[in-house]
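According to the numbering used here, the sequence shown holds residues 171 to 432 in order.
To start, the structure under review is shown below, and the notes come after it.
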Amino acid sequence: MLKHHFIHSIFAASVVLGAAPAHAFDLGGIINSDQLQNLGKSLPQNPDNSSASAAGLAGISNKDQVGSLKQALTQGAETAVRELAKQNGYLGNDKVRIPLPGNLQKIAGLMQTVGMGKYADDLITSMNRAAEAAVPEAKTLLVGAVKSMSVNDARGILTGGNDAATQYFRMKTETALAGKFKPIVEKSMEKVQLARKYDEFAAKGAALGLVDQRNANMNDYVTRKALDGLFVMMAEQEKAIRANPLEATGALAKKVFSAIKN
Numbered sequence: 171m172l173k174h175h176f177i178h179s180i181f182a183a184s185v186v187l188g189a190a191p192a193h194a195f196d197l198g199g200i201i202n203s204d205q206l207q208n209l210g211k212s213l214p215q216n217p218d219n220s221s222a223s224a225a226g227l228a229g230i231s232n233k234d235q236v237g238s239l240k241q242a243l244t245q246g247a248e249t250a251v252r253e254l255a256k257q258n259g260y261l262g263n264d265k266v267r268i269p270l271p272g273n274l275q276k277i278a279g280l281m282q283t284v285g286m287g288k289y290a291d292d293l294i295t296s297m298n299r300a301a302e303a304a305v306p307e308a309k310t311l312l313v314g315a316v317k318s319m320s321v322n323d324a325r326g327i328l329t330g331g332n333d334a335a336t337q338y339f340r341m342k343t344e345t346a347l348a349g350k351f352k353p354i355v356e357k358s359m360e361k362v363q364l365a366r367k368y369d370e371f372a373a374k375g376a377a378l379g380l381v382d383q384r385n386a387n388m389n390d391y392v393t394r395k396a397l398d399g400l401f402v403m404m405a406e407q408e409k410a411i412r413a414n415p416l417e418a419t420g421a422l423a424k425k426v427f428s429a430i431k432n
């Protein structure tokens, strides 16, 4: 009973602490949450690379350009999903591990000092397990986005920056992915008592303007962070293929990406 009372107090404190501005979470220094929100709004060209890339593609037909890109993007999407879906795909990866929401992070240390750190640790584990359970749903939607890609989409990605394909995927699939992820996250989190307590107090804090509305619901928070992690891993796959075309699957993809690089 005493522990439950303390948990109640902990969440009340988290709402008060929520009045302090929350800092964007830095995912392994690759891309932060603010940048991730902006992904997909456009497909900017890389001014230093686009002319050279276009020149490299000059001798390759549109059909081959699109075909090679689809090979590479399908490979990258499937790899990212597979790596995240395995046990500890999120939890064991510092770049994508889902942390406690900002308000709760501020008091996690207090919970550790009074011997209740297990509650915080269990919540972190539950959030990341929920993401690992949800992410396989991404494969079909991502592959579908590849199949529907136009010639103009392909050229924009091939001559764009290192994350141009990731931006494309985010623009085309993020809303649908969130719809697929959230029911699975909800099912995974429904028995986590600490998550329910967080929702109770965070909702009150949000109504008072003390808690970021985006962090007021645990399932929404986990869903958003799971998507962030997916696109971070896809960006890594894309960057690796651009840097080393020989990692691409298929002779055609190797040829086209090598032409861009050179």
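Idealized CB from N, CA, C, for every residue including glycine.
Counting along the chain, Val236 sits inside the alpha helix (DSSP H) bounded by residues Asn232 to Ala255. CA-to-CA, the gap between Pro353 and Ile230 works out to about 44 Å. Straight across, the Cα-Cα distance linking Asp369 with Ile294 is about 15 Å. Beta-bridge annotation (DSSP): Gly349 is not paired with any residue. Counting only the Cα atoms, Lys233 lies some 36 Å from Lys395.
The C-beta distance from Ala301 to Gln407 rounds to 18 Å, too long to meet the 8 Å contact threshold. Going by C-alpha positions, Val355 is about 30 Å away from Ala410. Between the alpha carbons of Gln363 and Ile268 lies a gap of roughly 18 Å.
With contacts defined as CB atoms closer than 8 Å, Val321 and Val236 qualify as a contacting pair. In the three-state DSSP reduction, Gly331 falls in the coil class, being neither helix nor strand. In this structure, Ala348 and Leu397 form a Cβ contact; the two beta carbons are roughly 6 Å apart against a cut-off of 8 Å. Going by DSSP, Gly262 is part of no alpha helix (DSSP H) at all; its letter is neither H nor E. Around the Cβ of Ser296, a 10 Å sphere holds 16 or more other Cβ atoms; the residue is buried.
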